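Chains P and W are the protein sequences, given in the same order.
Add 115 to a position in the first sequence, counting from 1, and you land on the number used in the working numbering.
Add 15 to a position in the second sequence, counting from 1, and you land on the number used in the working numbering.
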Amino acid sequence: MDNKIYTDNFEQILKEKSDEYRIYPSKRVWHSIYNDLHPGKRWPSVTMSIFLVLILVFLGYLNTADNSFTNKINPEVAIGYTKNQTQTNSQHKKSVINNSNPSGEPVFLTAFSPSYTNTQQLFSDNANNQTDKISETKIITNTTVTEINLQDQPLTIRDKKLQEMRKAPVELSDLSAQGDTYSKVRKNEKKLQEEKIAAAEFNIDEYDENTASPSATVLKNSIPQEMNKNNINNNSSQENNTKIADLQKEKNTLSEEEKKWMEDFALHNLPPSRKWKDRLSVQIYAVPNMSYRTLGSNIKSPSPTAFANSNVNSAVTHKPSLGLEAGIGLSYAFAKKLLFKTGLQLNYTSYNINASKSEHPILTYLEFNDIQTGNTYSSSRVSYLSNSNLQSTTVHNTTYQLSVPIGLAVKLGGNDKLEWYAGTSIQPSYIFDGKAHLISEDLKNYVSDKSALRKWNLNSSIEAYVTYKTGGLNLQIGPQLRYQLQSTYKKEFTSKEKLYNVGIKLGMTKNF
Amino acid sequence: MTEELMLAGCLKNNAVAQETLYNRFSPRMLGVCYRFAKNREDAEDMLQEGFLKVFTQLAQYRNEGALEGWIRRIIVHTCINILKKNKKFSESVDIIHATSIHIKEEMIPSIMQAKQVVECIRLLPIGYRTVLNLYAIEGFTHKEIACLLDIEESTSRSQYTRSKAMLEEILIRKKILQKPKEKIAAYAAAGPR
Numbered sequence: 116m117d118n119k120i121y122t123d124n125f126e127q128i129l130k131e132k133s134d135e136y137r138i139y140p141s142k143r144v145w146h147s148i149y150n151d152l153h154p155g156k157r158w159p160s161v162t163m164s165i166f167l168v169l170i171l172v173f174l175g176y177l178n179t180a181d182n183s184f185t186n187k188i189n190p191e192v193a194i195g196y197t198k199n200q201t202q203t204n205s206q207h208k209k210s211v212i213n214n215s216n217p218s219g220e221p222v223f224l225t226a227f228s229p230s231y232t233n234t235q236q237l238f239s240d241n242a243n244n245q246t247d248k249i250s251e252t253k254i255i256t257n258t259t260v261t262e263i264n265l266q267d268q269p270l271t272i273r274d275k276k277l278q279e280m281r282k283a284p285v286e287l288s289d290l291s292a293q294g295d296t297y298s299k300v301r302k303n304e305k306k307l308q309e310e311k312i313a314a315a316e317f318n319i320d321e322y323d324e325n326t327a328s329p330s331a332t333v334l335k336n337s338i339p340q341e342m343n344k345n346n347i348n349n350n351s352s353q354e355n356n357t358k359i360a361d362l363q364k365e366k367n368t369l370s371e372e373e374k375k376w377m378e379d380f381a382l383h384n385l386p387p388s389r390k391w392k393d394r395l396s397v398q399i400y401a402v403p404n405m406s407y408r409t410l411g412s413n414i415k416s417p418s419p420t421a422f423a424n425s426n427v428n429s430a431v432t433h434k435p436s437l438g439l440e441a442g443i444g445l446s447y448a449f450a451k452k453l454l455f456k457t458g459l460q461l462n463y464t465s466y467n468i469n470a471s472k473s474e475h476p477i478l479t480y481l482e483f484n485d486i487q488t489g490n491t492y493s494s495s496r497v498s499y500l501s502n503s504n505l506q507s508t509t510v511h512n513t514t515y516q517l518s519v520p521i522g523l524a525v526k527l528g529g530n531d532k533l534e535w536y537a538g539t540s541i542q543p544s545y546i547f548d549g550k551a552h553l554i555s556e557d558l559k560n561y562v563s564d565k566s567a568l569r570k571w572n573l574n575s576s577i578e579a580y581v582t583y584k585t586g587g588l589n590l591q592i593g594p595q596l597r598y599q600l601q602s603t604y605k606k607e608f609t610s611k612e613k614l615y616n617v618g619i620k621l622g623m624t625k626n627f
Numbered sequence: 016m017t018e019e020l021m022l023a024g025c026l027k028n029n030a031v032a033q034e035t036l037y038n039r040f041s042p043r044m045l046g047v048c049y050r051f052a053k054n055r056e057d058a059e060d061m062l063q064e065g066f067l068k069v070f071t072q073l074a075q076y077r078n079e080g081a082l083e084g085w086i087r088r089i090i091v092h093t094c095i096n097i098l099k100k101n102k103k104f105s106e107s108v109d110i111i112h113a114t115s116i117h118i119k120e121e122m123i124p125s126i127m128q129a130k131q132v133v134e135c136i137r138l139l140p141i142g143y144r145t146v147l148n149l150y151a152i153e154g155f156t157h158k159e160i161a162c163l164l165d166i167e168e169s170t171s172r173s174q175y176t177r178s179k180a181m182l183e184e185i186l187i188r189k190k191i192l193q194k195p196k197e198k199i200a201a202y203a204a205a206g207p208r
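As structure tokens, then:
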């Protein structure tokens, strides 16, 4: 098809072809026009975006909610975990393993009775001795639950039991457990086997030596009475054999650490040691603050100077200024509600001095303490700054400090997400730089003398803050007051100044 | 929705009427902006600003002539104002050097004819392109163009002449255009050299 156009009517052709051309604009254009024409009814994309963000936050909260009952399950021992269920009979095939444990944590009891395929229910008292309610229930993978009370038995019988238990297949009950946990149990048959062996070393009251496999176990005296009320169901089913076979295939997957844990737990009903897990945390923080000072006199002996006889605070015009504290901290929870805190931080302090700049040098005097004799003496200085408002200028007294805060924090209250703390610390500080403008003895001039600054000082701080848990981090915000305990200046100087900062501490903490 | 209803609704700031008007005229108007703009994003910005002016100045429409023509005029003026504001004319090539521009053939897209023509127009330097658009397509006089672009009328004429020649060359090279028949006949009559 001949697509060519003759150029006789070039402009006509151009106009026609251009008018034929259409492009459909993007949605953005109309939305922008709409928003400009109807500012009160902004395109709902903003509302929709906020709505979607809220939904995402809500979904994230649900997915990260602390399902604590799943945290305690030993996959080798328990299948499922339910809370606050009323007592049920053994037909539900749920078992509770809990003993009165001073720590309040559930105690795993192992169950070994190869001939049993059903779980046995145990009821535990919680700390308040509620006997009619299951505070924690756990489904035991391997039939019965035995309380482990060590009793002496003849070695030979024990050996026989061990042998038979080793030979006997592990049978699983047909549990109405959660699928995930059940599959974990199936994968750890070796752990179950170890439990059997360990349990066999303890007292098992009823043990039929004449049978190929042990028939039953009973609860021990240490188990609360409610536990004994449960009937042990002896429900062997064929499908358990396949489960047992699966477990047997996976019996070599246990690590040494897992074996050790199981043995310890089975033997002594002891919870695993947590060491310092979840106790140590690291924090980065910043504290924008307002810096200021208190002024006083450090004259060791009476002096006839104006400085000694007048209130220096009323003679000078100083104003607070912005300061900053930033650092990294480490905290260790040595008790449930107490934290030991330390770290390293940088501090910048500053306050403003209203003065007047002089074009010509001024001879003035500073007053000093003679450390050895205790007397005061004057020393002349040259200055270009006078303490008047004739030609206003602003100078700054600043310090740059490196501090090591050492302190404590106490938890005042809170819930899963929000916690309130109060804290205090002592901060040995090294002043590595700064500026010092000292008032002269007649209060009329300022002398700049950086050497007046102490190299070492001591600060203290008190703070209160709230932390918010989000994701794997804790966000912290709260007020802080930091006060310098010693004068900014050396002992030789008769001026005494103590800095203080009031600010808001913003921090982010990560737990180990 | 009839045009009268649409206009009445737009005057009452009715969003539905405004959207209807926008949807009816925006494709063609964007095509107009695209001929003036450097790229599609700039063209859409011109379209947005143009339609805002249309809606805010709709009360001034007196039903004298087609609504599309009125909207088109506003859009074209908006395009010119934006080009002037962004100093896009500084990118235009001085007339003296215009003939030295080399248009690479591969720059010309092989697409449908209307779009081919528009794309070829967009290949021109911005000064040439603007004058060509205003005179040949939008129907402005050279006097109006000179007033609009703050140039001399003679400059407008010369720029148009050169832009037309350049565009012709592009279109012929792309074989979208053929040379006029009399020229072909003249060449044929001249015979091989």
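For each residue, glycine too, the CB sits at the ideal point set by N, CA and C.
This structure is a prediction, so every number in the text was calculated from the model and none was measured.
Expected contact under 8 Å - CB spacing of residue i and residue j to nearest Å
i: residue 46/W; j: residue 128/P; result: Not quite, the Cβ-Cβ distance comes to about 16 Å (not below 8 Å), so this is no contact.
i: residue 461/P; j: residue 438/P; result: Between residue 438/P and residue 461/P the Cβ distance is about 11 Å, and since that is not below 8 Å, they are no contact.
i: residue 459/P; j: residue 519/P; result: 6 Å
i: residue 582/P; j: residue 624/P; result: 7 Å
i: residue 453/P; j: residue 446/P; result: Wrong, their Cβ atoms sit about 10 Å apart, outside the cutoff.
i: residue 62/W; j: residue 140/P; result: 6 Å
i: residue 550/P; j: residue 511/P; result: 6 Å
i: residue 456/P; j: residue 444/P; result: 6 Å
i: residue 515/P; j: residue 463/P; result: 6 Å
Residues sharing a beta bridge with residue i, DSSP
i: residue 540/P; result: 522/P and 576/P
i: residue 571/P; result: 545/P
i: residue 508/P; result: 470/P
i: residue 613/P; result: 409/P
i: residue 44/W; result: Beta-bridge pairing links residue 44/W to no other residue.
i: residue 402/P; result: 440/P
i: residue 534/P; result: 529/P and 582/P
i: residue 595/P; result: 578/P and 618/P
Residue i, buried or exposed, once every other Cβ within 10 Å from all chains shown has been counted against 16
i: residue 616/P; result: buried
i: residue 571/P; result: exposed
i: residue 554/P; result: buried
i: residue 567/P; result: buried
i: residue 71/W; result: exposed
i: residue 77/W; result: exposed
i: residue 60/W; result: buried
i: residue 407/P; result: buried
i: residue 110/P; result: As displayed, chain P neither begins before 116 nor continues past 627, which places residue 110/P out of reach and without an answer.
i: residue 58/W; result: buried
i: residue 94/W; result: buried
i: residue 52/W; result: buried
i: residue 21/W; result: buried
i: residue 253/P; result: Note that residue 253/P has pLDDT 42, beneath the 50 cutoff, so the model's placement of it is unreliable and the number below is only indicative. By the neighbour-count rule (16 or more Cβ atoms within 10 Å), residue 253/P is buried.
i: residue 166/P; result: exposed
i: residue 87/W; result: buried
i: residue 133/P; result: buried
i: residue 148/W; result: buried
i: residue 355/P; result: buried
Residue i and residue j closer than 8 Å at C-beta
i: residue 563/P; j: residue 508/P; result: no
i: residue 160/W; j: residue 146/W; result: yes
i: residue 609/P; j: residue 484/P; result: yes
i: residue 500/P; j: residue 543/P; result: no
i: residue 65/W; j: residue 44/W; result: yes
i: residue 175/W; j: residue 148/P; result: no
i: residue 532/P; j: residue 584/P; result: yes
i: residue 151/W; j: residue 126/P; result: yes
i: residue 627/P; j: residue 370/P; result: no
i: residue 558/P; j: residue 448/P; result: no
i: residue 498/P; j: residue 477/P; result: yes
i: residue 68/W; j: residue 131/W; result: no
i: residue 513/P; j: residue 465/P; result: yes
i: residue 561/P; j: residue 414/P; result: no
i: residue 618/P; j: residue 595/P; result: yes
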